[in-house]
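Reviewing the structure listed below.
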Ligand code: UDP
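In full-length UniProt numbering, the protein residues as written are 1 to 234.
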């Protein structure tokens, strides 16, 4: 059995795109869905936050207004959540999508009570649209929601299999941490989550488990204790 009752899983937009780097890779998404289903079947409550990088990043454009560019980014995360939510339903889960702004009939407006109601019904809850504000990211989005929803831990599924002391792409001697403190992440500017999100985790004592999404069964392994990524402690 898992020590966790409620977890928040962050998937980057690129992770959904697989090799293509753009749009969606259905096979990748189905693999994620099947793993999440195993957690839900064990009675673990799972919240999902998805990035938007497979479509758009606010800082991509140097011509248009940053606030507007970020709005496009937030809407990209909503598109991603609608897609992945449908894939989750396809493999047999019940889902709901919450956004911090109205999206008409496409999603429901976020509130803590509403999210708790869906979790109680055994649904996977998608927290789409980030924080709803420009100049933030889905890193800050997931930390904020994890804190508000009193999650036990944030699961950070990445293209890389943990936190390193330097970039393993450029330094072949880069060392992977099994455990590292959030303070050290902050002090050494280790690339885990962005600075705002790191400080929020530190202040509110929200731990992270960082692991590689590409590794077979990594989401299930992470939650069930067979974890070999990096634990970021607080
Ligand atoms: N975004 C935002 N506010 C939020 C969350 C996301 O403005 O609370 C926008 C921002 O433009 C960002 C994009 O949505 O670049 C996609 O989010 P993600 O966190 O994937 O961005 P990344 O960190 O990859 O730039």
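Backbone N, C-alpha and C define an ideal beta-carbon position, used for all residues, glycine too.
For clarity, every value in this text was computed on a predicted model and none was experimentally measured.
Taking the C-alpha atoms as reference points, what is the distance between residue i and residue j?
i, j, result
"residue 237", "residue 233", "The requested residue 237 is not part of the displayed model; the chain covers only 1 to 234."
"residue 140", "residue 197", "5 Å"
"residue 66", "residue 130", "16 Å"
"residue 35", "residue 176", "25 Å"
"residue 168", "residue 209", "19 Å"
"residue 44", "residue 73", "30 Å"
"residue 136", "residue 205", "20 Å"
"residue 159", "residue 11", "10 Å"
"residue 84", "residue 172", "35 Å"
"residue 207", "residue 126", "20 Å"
Let's see if you can read the secondary structure: which residues bound the alpha helix (DSSP H) around residue i?
i, result
"residue 157", "Segment 153–158 is the beta strand (DSSP E) holding residue 157; no alpha helix (DSSP H) there."
"residue 186", "182–187"
How about residue i: is its Cβ closer than 7 Å to a heavy atom in the ligand UDP?
i, result
"residue 47", "no"
"residue 140", "yes"
"residue 228", "no"
"residue 76", "yes"
"residue 101", "no"
"residue 65", "no"
"residue 69", "yes"
"residue 57", "yes"
"residue 136", "yes"
"residue 107", "no"
"residue 52", "yes"
"residue 198", "no"
"residue 130", "yes"
"residue 73", "yes"
"residue 13", "yes"
Residue range of the beta strand (DSSP E) that residue i falls in?
i, result
"residue 27", "Note, residue 27: premise wrong, no beta strand (DSSP E); alpha helix (DSSP H) at 26–41."
"residue 8", "6–11"
"residue 97", "95–99"
"residue 88", "Unbroken run through residue 88 is the alpha helix (DSSP H), 66–90; no beta strand (DSSP E)."
"residue 124", "124–127"
"residue 196", "No beta strand (DSSP E) holds residue 196; the alpha helix (DSSP H) holding it covers 195–204."
"residue 50", "45–50"
Buried or exposed for residue i, going by 16 or more other Cβ atoms inside 10 Å?
i, result
"residue 80", "buried"
"residue 217", "exposed"
"residue 68", "exposed"
"residue 226", "exposed"
"residue 105", "exposed"
"residue 109", "exposed"
"residue 195", "exposed"
"residue 64", "exposed"
"residue 21", "exposed"
"residue 237", "Nothing can be reported for residue 237: it is not among the residues displayed for the chain, which extend from 1 to 234."
Under 8 Å by Cβ, that's how I've got residue i and residue j pegged, so tell me the actual separation to the nearest angstrom.
i, j, result
"residue 58", "residue 77", "Rounded, the Cβ-Cβ distance is 11 Å, inconsistent with contact."
"residue 151", "residue 47", "6 Å"
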